[in-house]
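**Q** In this note's numbering, the protein residues as written are 11 to 307.
Sending over a structure as structure tokens; questions will come in a sec.
Given below as structure tokens:
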């Protein structure tokens, strides 16, 4: 009989223990659920706060961050100063159209694009003008360098000189040289040709010290080229390209080997002629001279 009571007590004890274990597990699960809910709520609140900061507060209160693309000759600070850009403006109030208009009025650029990038950036993309030739003009009684791009557009009259093998053009007349003027339409093809050579074979112009415009009737012109390391001047037509410059170098090489007293070479009219120091007579350079010179080499 005593054994039966012992078994009954054991069963009740086990049942009670199981119930307590289940209650404990249920409480633990509820606690985890509550903690998870709290974490989700906190995370959601943080996301909402970040969204408000990103979408509303930064665009409306923070100063814009200005980024330039395409600058190589000028610094961002130079451009900001020239166009009077207020970098303390907020992104929401920034007027890209007004800034674009200001930048396009600067003669330094061929093209300008201004874009906003959310939430606080402004991207300014420019294409700088590059110097195709330098002319010398008189400003306030002083001779200054005038920089001209490949379209014949004068964009700098400040006396500064660009780096690289940029040719000097003489024979141009400027009544009132200032940035924004263009050369005569007859001369623009020449600047385009020079610009093309500078992009492909700039080394050619390291051998030429000056290109002079020699006017003809009806606005036409020929060219007079002055090689860097030669006393000879070269008369050429207005078509200037890699082939004509290469041909000129070959002719000068041949002429130097034939007669050291040559002062002028004429490459116009499909023939080669030259003059010497002690005579005004023109001598024709025959094709055989090239062959003989080639054989000597």
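The beta-carbon is built from N, C-alpha and C at its ideal position, and this holds for glycine as well.
Quick caveat: nothing in here was measured; it's all calculated off a predicted structure.
1) May I ask you to report which of helix, strand or coil DSSP gives residue 185?
2) To which residues does DSSP link residue 77 through a beta bridge?
3) Got a sec? Which residues, its chain only, sit under 6 Å from residue 296 by beta carbon, not counting five neighbours each side?
4) In or out: residue 309 buried (at least 16 other Cβ within 10 Å) or exposed?
5) Checking the sheet assignment: what are the DSSP bridge partners for residue 119?
6) May I ask you to report which of helix, strand or coil DSSP gives residue 219?
7) Do the CB positions of residue 272 and residue 223 come within less than 8 Å of each other?
8) Where does residue 294 fall in DSSP's three states?
9) How is residue 195 classed by DSSP in three states: helix, strand or coil?
10) Of all the beta strand (DSSP E) runs that stay within the bounds of the segment 221-263, which reach a length of 3 or more residues?
11) Within 10 angstroms of the Cβ of residue 143, are there 16 or more other Cβ atoms? Answer buried if so, exposed if not.
12) Check the C-beta distance from residue 182 over to residue 145 and give it rounded, since I have them as a contact under 8 Å.
13) Hey, residue 160 and residue 205: beta-carbon distance below 8 Å or not?
14) Output needed for residue 171: all residues of its chain with C-beta closer than 6 Å, excluding positions within five of it in sequence on either side, in chain order.
15) Less than 8 Å separating the beta-carbons of residue 213 and residue 175?
16) Kindly indicate which three-state DSSP category residue 157 falls into: helix, strand or coil?
17) How many angstroms separate the CA atom of residue 275 from the CA atom of residue 264?
18) Between the Cα of residue 294 and the Cα atoms of 194, 288, 282 and 287, which residue gives the shortest distance?
19) Determine the direct distance from the alpha carbon of residue 240 to that of residue 208, and round the result to whole angstroms.
20) Straight-line CA distance for residue 86 to residue 47?
21) Just mark residue 270 as buried or exposed, buried being the case when its beta carbon has 16 or more other beta carbons within 10 Å.
22) Within 10 angstroms of the Cβ of residue 246, are there 16 or more other Cβ atoms? Answer buried if so, exposed if not.
23) Note down, in chain order, each residue of its chain lying with its Cβ closer than 8 Å to the Cβ of residue 102, except the 5 sequence neighbours on either side.
24) Between residue 80 and the rest of its own chain, which residues show a CB-CB distance below 8 Å, the 5 nearest in sequence each way excluded?
25) What is the DSSP secondary structure of residue 282, counted as helix, strand or coil?
26) I'd like the list of long-range same chain contacts for residue 184, defined as Cβ closer than 6 Å, with 5 residues on each side in sequence excluded.
**A** On the basis of the supplied data:
1) coil
2) 133
3) none
4) The question about residue 309 has no answer, for the chain in this structure spans 11 to 307.
5) 138
6) strand
7) no
8) strand
9) coil
10) 231-237 and 243-246
11) buried
12) 5 Å
13) yes
14) 155
15) yes
16) strand
17) 11 Å
18) 282
19) 22 Å
20) 50 Å
21) exposed
22) buried
23) 69 and 70
24) 135, 136, 137 and 138
25) coil
26) 147
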